[in-house]
Amino acid sequence: MKLSKILLIIFIIFLGNITFAQERSFKRGLAYNIPYAEDLPTLSKGISWFYNWGINPGLQVANVFDQYMEYIPMAWNGVNADGLRTFKAKHPECQYLLAFNEPNLTDQANMTPTQAAAKWPAVKAIAQELGLKIISPAMNYGTLAGYSDPIVWLDEFFTLVPLSDVDGIAVHCYMNNVSALESFINRFKKYNKPIWLTEFCAYEQNQGLTPDKQKDFMVEAVTYLENDPDVFRYSWFIGRNGGGDNAFPYNSLLTKNDRGVLTELGDIYVNMSSFDKNFYYSVEDTIQAEKFTDSHSASLRRVDATSGNLYLNDFYFKDWVSYQINIPENKEYTLSFKVACVDGTVLQILDSSGNMLTSSEISSTGGLSNWDIRTMKVNLSSGKQQITIKSMGEGCNVDWLTFKEITNGTASAETSLLRLFPLPVKDNLNVETNEENFEITVFNMQGVCIYQHSNQKIIDTKSWLKGMYLFQFLPKSGRKQCLKIIKN
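Going letter by letter, the sequence shown gives residues 138 to 625 in my numbering.
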């Protein structure tokens, strides 16, 4: 048999064992006039769309943005028909037009419903001409006399303009509490249209807002927004705070003085779960702690400034997170965590119905910065399912978890722990494992070996071409693992 055929067979076998990742969230967006092309690949790892209150993206990104994210134009307080025609001609994939921006605020579009309705025929005409779906005027609590309540403004507007003219209701919210955000959004569901939350972050002053509280607000808000089927899209405000990275309200996703560099808040927004309900992890996968599909009181912080990985921060009494996993057969498995804790804690494992499968004490690692592996055993039924991890003790940090098969009653040669970061990789790929002796082989998509080395935990990928590769990890004491990696 020719070598090329052998390599092709190896490639097909590897491909069958690859674990792919969650899809990027279609919902997740950004309200920001992106100034640098270098920002796009960084943001687009987790953000699907953006807008900038205009009809064109900034000049620095105009020729490259569509390689990374969708851009949606806006008729801020009127419509530039010729400008929209030009944009649509260059970008026929454009589907939506956002209508007026906060018309019930005197320092924004500043229009009564009657004034907005007078401008509406021009908006509707160009949208019909170009095949664009119109999203309603974006509403917030306002300063326009008689229209502080956005519902009052919209109700009157829809007596003048048919509700059928719009394909979604746009809202803005800057309350610091997610329950308040949810209540606000629920008010607009009476129109029976998809909700677009086109600006949001915690922004209320005199409410004790801190950088950490903004991060925790983001995690809780995104969890709610991703899991509410009536919320079609949402976009964080803003990419860079003009006051700097540490200026109130601590909402910058990108550092002020660097191009394409995320703040810790940006790392959370870009890299936290997309809540992909079609994706299930497999036994042997390393599951990053932030990739839950539901949670209660989850707090995330970044592991470091380069990997893109996050950890559960201060996972405390009655906090819980849920993950989707496909279990191959009814049997006992090990569940290992990379954790850090001061006094130890207790973790419960629950099935999809909320029934407790097991409970285990997690011993102290000596501090919240001292990471170590802790393992428990759990009996699982076969099939695709949701597994919930619930804290019943003191706070701990959790970086990742993995389920492993048990052979003959012992966690054997199949318990090798493996994590690769950052992914996608640009320069150096880091290999984190509990194995000392192992061999790494990397194949390109043609099945050609491009890298082979033993016991190497830092791999220089700068000379590799952009694209997908197959990473084979073969420990001396364990079972071979095959992973997909992306080179940017």
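Glycine residues also receive a C-beta, built at the ideal position from the N, C-alpha and C atoms. Computed from a predicted structure; not experimentally measured.
Inter-residue Cα distance where the pair is residue i and residue j
i: PHE295; j: GLY283; result: 16 angstroms
i: THR249; j: VAL289; result: 11 angstroms
i: ILE623; j: SER181; result: 14 angstroms
i: ASP365; j: GLY305; result: 15 angstroms
i: THR443; j: ASN383; result: 20 angstroms
i: PRO178; j: THR251; result: 42 angstroms
i: ARG439; j: TYR448; result: 6 angstroms
i: PRO201; j: GLY268; result: Here residue 201 turns out to be Val, not Pro, going by the sequence shown. Using only the alpha carbons, I get a separation of about 23 angstroms.
i: ASP597; j: LYS563; result: 9 angstroms
i: ARG370; j: LYS164; result: 4 angstroms
i: VAL398; j: VAL407; result: 12 angstroms
i: ASP621; j: SER185; result: According to the sequence provided, residue 621 is Lys. The question's Asp does not apply to it. Spanning the two alpha carbons is a distance of roughly 22 angstroms.
i: SER436; j: GLU336; result: 22 angstroms
i: THR223; j: LEU196; result: 14 angstroms
i: ALA415; j: ASP244; result: Per the sequence presented here, residue 415 reads as Asn, with Ala not at that position. Taking the straight line joining both Cα atoms gives about 43 angstroms.
i: PHE608; j: PHE540; result: 20 angstroms
i: SER497; j: GLY584; result: 43 angstroms
i: CYS310; j: ASP395; result: 28 angstroms
i: GLU572; j: THR423; result: 15 angstroms
i: MET605; j: ASP413; result: 21 angstroms
i: MET312; j: TRP257; result: 30 angstroms
i: SER389; j: ASN238; result: 21 angstroms
i: ALA259; j: GLN265; result: 10 angstroms
i: THR482; j: TRP457; result: 13 angstroms
i: LEU602; j: GLU207; result: 25 angstroms
i: ASN378; j: ASN625; result: 28 angstroms
i: CYS533; j: GLU319; result: 29 angstroms
i: LYS327; j: ALA307; result: 13 angstroms
i: VAL97; j: ALA339; result: Beyond the ends of the chain as shown, which are 138 and 625, falls residue 97; an answer cannot be given.
i: GLN522; j: LEU538; result: 16 angstroms
Distance between beta carbons of residue j and residue i, contact taken as under 8 angstroms
i: CYS674; j: GLU427; result: Because the chain spans 138 through 625 in this model, residue 674 falls outside it and cannot be assessed.
i: THR570; j: LEU554; result: 6 angstroms
i: ASN467; j: SER518; result: 5 angstroms
i: GLN425; j: TYR387; result: Not quite, the Cβ-Cβ distance comes to about 24 angstroms (not below 8 angstroms), so this is no contact.
i: ILE271; j: ASP292; result: That pair is no contact at about 18 angstroms.
i: VAL368; j: ILE405; result: The pair is not a contact, with the Cβ atoms about 19 angstroms apart (cut-off 8 angstroms).
DSSP three-state assignment for residue i, whether helix, strand or coil
i: ILE209; result: coil
i: LYS603; result: coil
i: PHE454; result: coil
i: VAL407; result: helix
i: MET513; result: strand
i: LYS227; result: helix
i: ARG439; result: strand
i: GLN589; result: strand
i: LYS613; result: coil
i: GLN425; result: strand
i: TRP257; result: helix
i: ASP244; result: coil
i: PHE202; result: helix
i: GLN252; result: helix
i: ASN238; result: strand
i: LEU196; result: coil
i: ASP597; result: strand
i: GLN265; result: helix
i: ASP219; result: helix
Pair within 8 angstroms by beta-carbon distance, residue i and residue j
i: LEU235; j: MET211; result: yes
i: THR520; j: ILE577; result: Inspection of the sequence shows that residue 520 is occupied by Gly rather than by Thr. Not a contact, by the Cβ cut-off of 8 angstroms.
i: SER372; j: LEU557; result: no
i: ILE332; j: PHE321; result: no
i: TYR470; j: VAL535; result: no
i: PRO274; j: ALA255; result: no
i: THR512; j: SER473; result: yes
i: ASP509; j: VAL476; result: yes
i: ASN189; j: ASN170; result: yes
i: ASP176; j: LEU391; result: yes
i: ILE263; j: VAL298; result: no
i: SER528; j: LYS599; result: no
i: TYR460; j: PHE429; result: yes
i: ILE524; j: ILE499; result: no
i: GLU160; j: SER411; result: yes
i: ASN592; j: PHE580; result: no
i: ASN214; j: ALA246; result: yes
Give, in chain order, every unbroken run of the beta strand (DSSP E) that is at least 3 residues long and sits entirely within the stretch 268 to 321. With a minimum length of 3 residues, the continuous beta strand (DSSP E) runs that stay inside the stretch 268 to 321 are 270 to 272 and 306 to 310.
Quick check for students: name the residue ranges of the alpha helix (DSSP H) that lie wholly in the stretch 518 to 584, counting only runs of 4 or more. When DSSP assignments are scanned along the stretch 518 to 584, no uninterrupted stretch of alpha helix (DSSP H) that is 4 or more residues long falls wholly within it.
Just list the alpha helix (DSSP H) runs in the stretch 325 to 404, keeping only unbroken ones of 4 residues or longer that don't cross its boundaries, in chain order. Counting whole runs of 4 or more residues, the stretch 325 to 404 contains the alpha helix (DSSP H) stretches 348 to 364.
In chain order, each beta strand (DSSP E) run of at least 3 residues that lies wholly inside the stretch 456 to 517: Whole beta strand (DSSP E) segments, 3+ residues: 457 to 464, 468 to 478, 482 to 487, 493 to 499 and 509 to 517.
Considering only residues of the stretch 153 to 185, which uninterrupted alpha helix (DSSP H) runs meet the minimum length of 4 residues and lie entirely inside it, listed in chain order? 176 to 180, all fully within the stretch 153 to 185.
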